Structures are given as structure tokens and as C-alpha cells.
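Asker: According to this note's numbering, the stretch in the sequence shown is residues 9 to 490, in order.
Could you have a look at this structure, given as C-alpha cells, before my questions?
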Amino acid sequence: MTRAFPLEPSDEELRRLLDDAVRRVALHIGSLSSQPADGTAGAEGAGALARSLIEREAPEDPTPAGPLLDLLFEKAIPASFNNAGPGFLAYVPGGGQPYAAVADLISSAVNRYVGVFAPAPALVQLETNVIRWLARAVGYPESAGGFLTSGGSLANFSAVVAARHEKLPENFLKGTLYVSDQGHHCIRKAALLAGFPDANVREIPSDAAFRMRLDALANRVAADRAEGFTPFLVAASAGTVNTGAVDDLDALADFAGRENLWLHTDAAYGGFFALTSRGRAAMSGLQRADSIVLDPHKGLFMPYGTGSLLVKDPAALRRSHSVRAHYMPGMQDDPDCVDFCEISPELSRNFRGLAVWLAVKLCGLAAFRASLDEKLDLAREAVEAVREIPGMTIVAEPELSLFAFRLTVPGASRAETNRLNRDLLDRVNARQRVFLTGTLLGEDFAIRMCILSFRTHADRVHMALEDLRGAAQEIAHAAPKE
Ligand SMILES: Cc1ncc(COP(=O)(O)O)c(C=O)c1O
């Protein structure tokens, strides 16, 4: 019997499947702006759909492609956040750059081995170029290095491992690390995975602008030294996920230098704004960190699965990540020829650098810079318009492209105000043109707007503002009159 899908398809079979998939992808991308902003909110229920798809056994027999692609494009994909669409202003928007998707198809199809230099020198060189471009973007010297990983969380993990290795003895449990109460929770997870008990992670309070308080940091470091701990790492934020706050990177670099601490900056959200002059000014001192996390799948609009760790001294990564084995090919001594397995946790890995390389080559870096500048403009325009809505208070001004705000009603209790703002958020999201999320700042619930998608332009931000005004008016009319 001829199998409908032999493991190795014929040319014709492969082309037919690709054509069908590509046709559907193009239709999907073409309709992103008219798709609901949150497809999980539909009547059928994304959760119910998920349950209906539970399948305990893999099928022994082949299934035709058409129904499988129908299931994906007509049911499963629509029943999700439209986070690649222009209305996604929630959390930190990811990208979904189509040229990068083409690169992902190519890299999976050719399936070359890029964890080591020797098996694919030219391809590894392309990914090394990407690292050079990122290092230059943050103002690092030519000698800097780093690697691409699956995302910000793993990149932050390797930064903690490198810092631990450089600054602490093998028995490192006296080591303490410092992150503000606004830092991303992946720093805490990175510490945990790197072997530190939670108690070794010191949470430093932030100031009224949500930046790490230097006085509190200095006091805590001094107190820890006095108690016999070994402070070794400060994790700064260049764009927090809560409010977009950028820590005082210059002051932290001065402090870290004086105290012999490794300064790491989590710039997963904000880092690519360093390609713009306003972003560079907002993140002054970024290049002074020993290591920096940048997420191309955020600020460079790549598909999910592309994070990066940059370090000023690549030898530190090698010292903390290199393990040799006899069956491996020879590693390179030339600093221009990088074996990624020597400086990162992974051995076999996808060729994620091709996505960044192809997209940047095809579009030119200037197009990315211009898009990021546009986001800075849009955030400034949006914050001014939100300020004008009666009752609205800006809780965090945009340092980059994220700001936070809340509706306040004179005399309302904190609980009542929080409830009103959750209601406001639900009403905006129910309109399905944009998707926003909130957060707790202390005990106050605030709504955030994070403008980062390359697909978000002024028209969509105007829709967000219209929907906010409309929802705020509805709430004002619904409020009981005195
Ligand atoms: C500031 C910051 N750091 C780290 C991360 C974690 O990155 P990832 O989700 O790519 O692991 C995020 C994710 O949004 C973030 O905003």
C-alpha cells in the first residue's frame, strides 16, 4: 500500500504541502489586523476546544494534511491571543516578523548543525555576525561576545551562572544577589536554577519611579557583608515588565565597580531601543554592565524562540559553560570562530540566528530603528491622550514605550478603585480591537499599555484610546450618583 505521507516525501508531495501551508500562512498574516485581539474570549471557549483535542495515543495511521491544517488555521490558532497582531498592547508584545519565519523554515529544512563551529563554519559565522550586531547596538566593544538562546529567561539564567562562576568560590551558597522588587521573576528563577536558595535573592525596594533604590541596595549589601555573606551580582532592569522603568544604570555601574559585584542588566524588553537616540539616552550606562540580556523576539520583532545574552568578556562565558569530551570535534582557538556549545548551555540546537540575520539583511537595520522610534512616538502620544481622560492618573510615565495608568475616583477605597480599574480593563478588552493587561503596583491595580509590535501604528493606538475613553464613560455613567 502506498502511504499518504511517507517519511521522505517526493518533490511533488513536499511542494503541495508547502504550497497549502504557505497559502494559509499568507491569508492568516493578511487578516491579522481584522482578527479579534483576544481569540480566547470567543463563545466556543478556547479551554473547551483544548479539552476536545486531548489525544492520549499517537495515531498509527496517516492523516491527510487538509484537515490538520484546517484544525490549526480555523480552530486552534484563532482560539488564542492575537499577540502577533497590531492590537496586542499587553504584557510585552512578541514579534512574528515574516522574513524570520521564512528563515526558520529554511533552517529547519536544511537542518545544519550550528552548535559547534566545525560542522557548519559559514552558517555559524552568520549567527556570530548577529551577536556582533547586537553587541554594537548596546555599545559594547568589538571584543564582546555572547549567544542566542530561546528567550530572556534562559539568557538571564546563563548570566547568573557566569557571574556565580566569576565572583564566587565553588562552594557558593554564601553568595547573595540583588534585584529590585520590579525585576522580572525570571531572575529569581535563574537564581534558583543556578543553585541559590530563594533566601539568597535580595529584593531591593524601588522608588516612586519604580527604579531600584540605590540607598537600599547599598545598605543591604553592607548588612550582608557584615553578616558574612558574599554579595556578587546586581541585576538591573532596562525596562521592567510592570511599568517600563529603567534603573539608574550609571549609578549601578559605579556601585558595582566599587563593590566588586557583577552588574547584569535585564534589557529583554527595553534593550533594542538602544538602536534609537532617545532609547540610548533613556538607558544611559547600559554598555557598562558586565552582561546584558536582549530579546530579539521582543524588540527586534522576531518570532518566539530568540533571546540573547551578551557579555563584555566572552572568556567568562567559556569559563562557566565549557565542558569537553573526547567524541566531540576540535574546538576553535580563534576568537572569530565561535563554538556556541562552549559558551552556552546547549549542544544540539536550532539555527535561530538565521531568522535575525535574514530579516536584518532583507530589511536593513534602519527599518528596525525607525519602527522602534515610531513606538517611542506612539507611547508619548498615547500617554498624553490618556492623561486627558477625566479621572485618569498616569502611574508610570513612558521611559520607553510602556506606561501605566489608573482611573481614580475621589473618596473611593483602594479596593473599590482596584475593582473599577479591573472593570475598565475588561470593558476595553471586550471591544476586541486591542488587548491590554494590568498589574499590581504595591497594592494598587494599574493598567499598562506596552507598544512594541512592528504592526502597531497610530491607527491602532487611536482605537485603544477611543476604547479607553468609551469604557471610562460607561463606568462613569454606571457609577451610583450621590
Ligand atoms: C524584562 C523581562 N525580562 C525577562 C523576560 C523573560 O523573557 P522570556 O519570556 O523570553 O523568557 C521578560 C518577558 O517578558 C521581560 O519582560
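Virtual Cβ for every residue (Gly too), placed ideally from N, Cα, C.
It should be emphasised that the depicted structure is a prediction, and the values quoted were computed from it without experimental measurement.
Pull up the DSSP beta-bridge partners for leucine 410, would you.
Answerer: BP columns for leucine 410 point to Cys458.
Asker: Can you determine whether any heavy atom of ligand 1 sits closer than 8 angstroms to the C-beta of histidine 192, and answer yes or no?
Answerer: Yes.
Asker: Using DSSP with H/G/I as helix, E/B as strand and the rest coil, what is proline 239?
Answerer: The answer is strand: DSSP assigns proline 239 an E or B state.
Asker: Determine the direct distance from the alpha carbon of proline 14 to that of cysteine 194, and round the result to whole angstroms.
Answerer: C-alpha separation (whole angstroms): 42 angstroms.
Asker: Return yes when the C-beta of threonine 248 is under 8 angstroms from any heavy atom of ligand 1, and no when it is not.
Answerer: Because some heavy atom of ligand 1 lies under 8 angstroms away, the Cβ of threonine 248 counts as near it: yes.
Asker: Can you determine whether any heavy atom of ligand 1 sits closer than 8 angstroms to the C-beta of tyrosine 277, and answer yes or no?
Answerer: At least one heavy atom of ligand 1 is nearer than 8 angstroms to the Cβ of tyrosine 277, so yes.
Asker: Take the Cβ of aspartate 223 as the centre, count every other Cβ of all protein chains shown within 10 Å, and call the residue buried at 16 or more, exposed below.
Answerer: It counts as exposed.
Asker: Hey, how far is the Cα of phenylalanine 237 from the Cα of valine 187?
Answerer: Each residue's Cα considered, the two are about 16 angstroms apart.
Asker: Short of 7 angstroms in beta carbon distance, which residues of its chain neighbour valine 209, apart from the five on each side in sequence? Order them along the chain.
Answerer: Cβ neighbours of valine 209 beyond the five flanking positions: Leu185, Val187, Arg196 and Ala199.
Asker: So, using beta-carbon positions, are arginine 288 and alanine 297 closer together than 9 angstroms?
Answerer: Contact flag unset, no.
Asker: Do you know offhand how far leucine 134's Cα is from phenylalanine 125's?
Answerer: The alpha-carbon atoms of leucine 134 and phenylalanine 125 are separated by roughly 11 angstroms.
Asker: CB glycine 315 to CB aspartate 303, shorter than 9 angstroms?
Answerer: Going by C-beta atoms, glycine 315 is nearer than 9 angstroms to aspartate 303.
Asker: Using only CA atoms, which one of Cys371, Leu366 and Asn437 lies nearest to serine 115?
Answerer: Considering only alpha carbons, the answer is Leu366.
Asker: Please tell me whether leucine 460 and leucine 318 are closer than 9 angstroms, where the distance is taken between their beta carbons.
Answerer: No.
Asker: So, at 8 angstroms on beta carbons, what are the nonlocal neighbours of aspartate 27 in its own chain, with the 5 sequence-adjacent residues on each side left out?
Answerer: Counting only Cβ-Cβ distances below 8 angstroms, and skipping sequence neighbours, we find nothing.
Asker: As a quick exercise: from Cys458, Asn91, Ile483 and Ser151, pick the residue whose alpha carbon is nearest that of threonine 425.
Answerer: Of the listed residues, the one whose Cα sits closest to threonine 425 is Ile483.
Asker: Measuring CA to CA, which of Leu176, Ala109, Gly123 and Ala49 is closest to leucine 538?
Answerer: Given that the chain is displayed from residue 9 to residue 490, the structure contains no residue 538 and the question cannot be resolved.
Asker: Within its chain, find whatever has a CB closer than 6 angstroms to the CB of aspartate 255; leave out the 5 residues flanking it on each side and keep chain order.
Answerer: Taken in chain order, the residues that qualify are Arg219, Met220, Ala244 and Ser245.
Asker: Mind checking proline 311: buried by the 16 CB within 10 Å criterion, or exposed?
Answerer: That one is buried.
Asker: Helix or strand or just coil, what does DSSP make of methionine 400?
Answerer: Note: methionine 400 maps to strand in three-state DSSP.
Asker: When you compare only the Cα positions, how much space is there between glycine 123 and phenylalanine 155?
Answerer: Taking the straight line joining both Cα atoms gives about 11 angstroms.
Asker: Please list the segments of the alpha helix (DSSP H) lying wholly inside the stretch 259 to 299, counting only runs of 4 or more residues, in order along the chain.
Answerer: Listed in chain order, the complete alpha helix (DSSP H) runs (minimum 4 residues) inside the stretch 259 to 299 are 285 to 290.
Asker: What number of angstroms, rounded off, separates the C-alpha of leucine 325 from the C-alpha of proline 177?
Answerer: Approximately 16 angstroms between the Cα atoms of the pair.
Asker: By Cβ distance, which residues of its chain are closer than 7 angstroms to aspartate 475, with the 5 residues on each side in sequence left out?
Answerer: Closer than 7 angstroms at Cβ, skipping near neighbours: Val436, Arg439, Arg441 and Val442.
Asker: Can the beta-carbon of leucine 241 be found less than 9 angstroms from the beta-carbon of valine 146?
Answerer: Against a cut-off of 9 angstroms, the Cβ pair of valine 146 and leucine 241 comes out as no contact.
Asker: Could you check whether glutamate 350 and histidine 334 sit closer than 9 angstroms to each other, using their CB atoms as the reference points?
Answerer: Not in contact: histidine 334 and glutamate 350 (Cβ atoms no closer than 9 angstroms).
Asker: Pick helix, strand or coil for isoleucine 212, following the three-state DSSP scheme.
Answerer: Isoleucine 212: strand per DSSP, three-state reduction.
Asker: Which residue marks the beginning of the beta strand (DSSP E) containing phenylalanine 348, and which one marks its end?
Answerer: Segment 348 to 351 is the alpha helix (DSSP H) holding phenylalanine 348; no beta strand (DSSP E) there.
Asker: With the cut-off set at 9 angstroms, would you say asparagine 250 and alanine 412 are in Cβ contact?
Answerer: Contact flag set, yes.
Asker: Tell me which residue opens and which closes the beta strand (DSSP E) that phenylalanine 155 is part of.
Answerer: 153 to 157 is the span of the beta strand (DSSP E), which, as asked, contains phenylalanine 155.
Asker: Note down the Cα distance separating methionine 9 from alanine 84, rounded to an integer number of angstroms.
Answerer: Only weak support exists for where methionine 9 lies, its pLDDT of 47 falling under 50; the value from the coordinates is given anyway. Roughly 32 angstroms between the two C-alpha positions.
Asker: For alanine 87, collect the residues of the same chain with a Cβ closer than 7 angstroms to its Cβ; drop the 5 residues on either side in sequence, then sort them by chain order.
Answerer: Gly47, Thr48, Gly50, Ala54 and Leu57, listed in sequence order.
Asker: Pull up the CB-CB distance for glycine 252 and proline 406, whole angstroms please, since I reckon it's below 8 angstroms.
Answerer: Going by Cβ atoms, the distance from glycine 252 to proline 406 rounds to 6 angstroms, so yes, they are a contact pair.
Asker: Is isoleucine 397 near alanine 454, with beta carbons less than 9 angstroms apart?
Answerer: No, these two residues do not count as a Cβ contact at 9 angstroms.
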